[in-house]
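In numbering that gives the first Met the number 0, the protein residues as written are 0 to 416. We put the CB at the ideal spot given by N, CA and C, even for glycine.
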Amino acid sequence: MPAEPRSRRRARRASVYVLVLATAAIATAAGLGGILVQRTRLRAAATNANIDAARLAAASGLEYALARIKNDPNWRTSIGAGSWLDSAALGNATLSVSVVDPEGDAIASDPVAPIVVQTLGRSGAARQAFDATIEFDRTSFSALQCAAYSGFFTYTELTTLTADAPVHSAGDMNALVATVNADAEAVGTISGLTYARATQSGASARTAPDASLISGWAAMSTPIPMTYFGGRKMWYICLNGGGSFNGYTPGTGGVYVIDCGGGDFIIQNCRIRATLVLVNARVVTVTSSVRIDPYTSGYPSLIVQGQIRFQVSTAPLDERAGGAINFNPPGAPYLGVSDTDRLDTYPSGISGIVFATDDIIVDNNLTVTGTLITLDSLTVRKPLTITYDPALLTSGAPGFSGITPRLAAAGVERVAR
0 MPAEPRSRRR
10 ARRASVYVLV
20 LATAAIATAA
30 GLGGILVQRT
40 RLRAAATNAN
50 IDAARLAAAS
60 GLEYALARIK
70 NDPNWRTSIG
80 AGSWLDSAAL
90 GNATLSVSVV
100 DPEGDAIASD
110 PVAPIVVQTL
120 GRSGAARQAF
130 DATIEFDRTS
140 FSALQCAAYS
150 GFFTYTELTT
160 LTADAPVHSA
170 GDMNALVATV
180 NADAEAVGTI
190 SGLTYARATQ
200 SGASARTAPD
210 ASLISGWAAM
220 STPIPMTYFG
230 GRKMWYICLN
240 GGGSFNGYTP
250 GTGGVYVIDC
260 GGGDFIIQNC
270 RIRATLVLVN
280 ARVVTVTSSV
290 RIDPYTSGYP
300 SLIVQGQIRF
310 QVSTAPLDER
320 AGGAINFNPP
330 GAPYLGVSDT
340 DRLDTYPSGI
350 SGIVFATDDI
360 IVDNNLTVTG
370 TLITLDSLTV
380 RKPLTITYDP
390 ALLTSGAPGF
400 SGITPRLAAA
410 GVERVAR
């Protein structure tokens, strides 16, 4: 067989070589392409991880704001609007939180004014931002559903307690040779002989105000110095929350405050049409004939940092006594009526919320339209009649309700920031 020409053999070897090089190039390109794809995937995964971390941080900012609101009852003044958190580390992200007052200047003055919480989460190059409007609901403490509430003990002795709403004790309750014409409930034990209506020992505790409300009410009150009264007695006075009282203009809602300086104070033969706050008192005695009502419906009429003793007469408050005092002058109507004479009489009694940080003691017949609240003991030694006022639950009296934040109906909005 004739030998193959040398030139053809060289051409075939060259073709094989080219084919090998091409195959190697393709393999190399495929490898490089795989590396590039893997790098792209890794970058995408890292980007997604950063986005997730930023989103989680931004969402956590809403929880952070709600936690600060819950843990600081005075947050509206102690923190207010502005930056609450600035680039704080949170895992692989940072978080910034700020609060905006959508009404401009209401955050410090209105306890239920809404706010806008703005959060920003950052992780790497990723940024996620949320805005959420938080609204606030005012819910009255359940103690305001009662005719009387005591934080420690309720004791009725040789008399009758009548009420058209429950009487509640956060401790025990006892009626010693007494009649309780009211639903009676105690977190502890109920004892005694005559309970004319339902009783419940081991009742659930009710939510109730605490002593911290004193400072809040004092701050919103107009002070009247003790020296004005010439002693520790207020008598034959018409204290009007709807207008100036001898140059003292009441605080918003018709509120006055008297600092008793650690001593006793007497309220006698007076008409009070206001919320009267008595701070630093030992014993406040309400005696003789009185007509005491809040200026603002559903508000307290008396708030006492101390003990209250009621020694009220059943005789009407009479303008002709004590030098002829006009108890319903223009600007201070009683049941819508004002006049300039000094011939009228008024039923002796009290309405609204009566609050004491210490005991409330009833030493004489007393008629109340509203509720009695003591953080200590309620002692009833003479007939007590309480007609419950449902306006107490909707009045929104400061300190007598809790404020609960909630997310507005619009929900959470993702924004560019």
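Item	Value
Between the CA atoms of G123 and A24 - distance to the nearest angstrom	Caution applies to A24, whose pLDDT of 47 falls short of 50 and renders its modelled position unreliable; the model cannot decide the point.
Segment limits, beta strand (DSSP E) that includes L383	383-386
Pair within 7 Å by beta-carbon distance, T221 and G250	yes
Cβ pair T418, T178 closer than 7 Å	Residue 418 falls outside the range modelled here, since the chain spans only 0 to 416, and no answer is possible.
Simplified DSSP assignment, three categories, for I402	strand
Same chain, Cβ closer than 7 Å to D51, five either side skipped, listed in chain order	none
Rounded Cβ spacing between P113 and T132 (contact assumed at less than 8 Å)	6 Å
Straight-line Cα distance separating A66 from L94	15 Å
Cβ shell of S141 (< 7 Å), same chain only, five flanking positions each side left out	R205, T206
Residue nearest to C259 in terms of C-alpha spacing, selected from M233, R121, R380	M233
Residue of A407, R416, P397, A408 minimising C-alpha distance to I213	P397
Complete runs of the alpha helix (DSSP H) confined to the stretch 103-164 [at least 4 residues]	none
Span of the alpha helix (DSSP H), counted from its first residue to its last, around A217	212-218
Helix, strand or coil at T178 [DSSP, three-state]	strand
Burial state of T313, where buried means 16 or more other Cβ atoms lie within 10 Å	exposed
Assigned secondary structure, F228 (DSSP; H/G/I helix, E/B strand, else coil)	helix
Per DSSP, cross-strand counterpart(s) of T373	S149, A355
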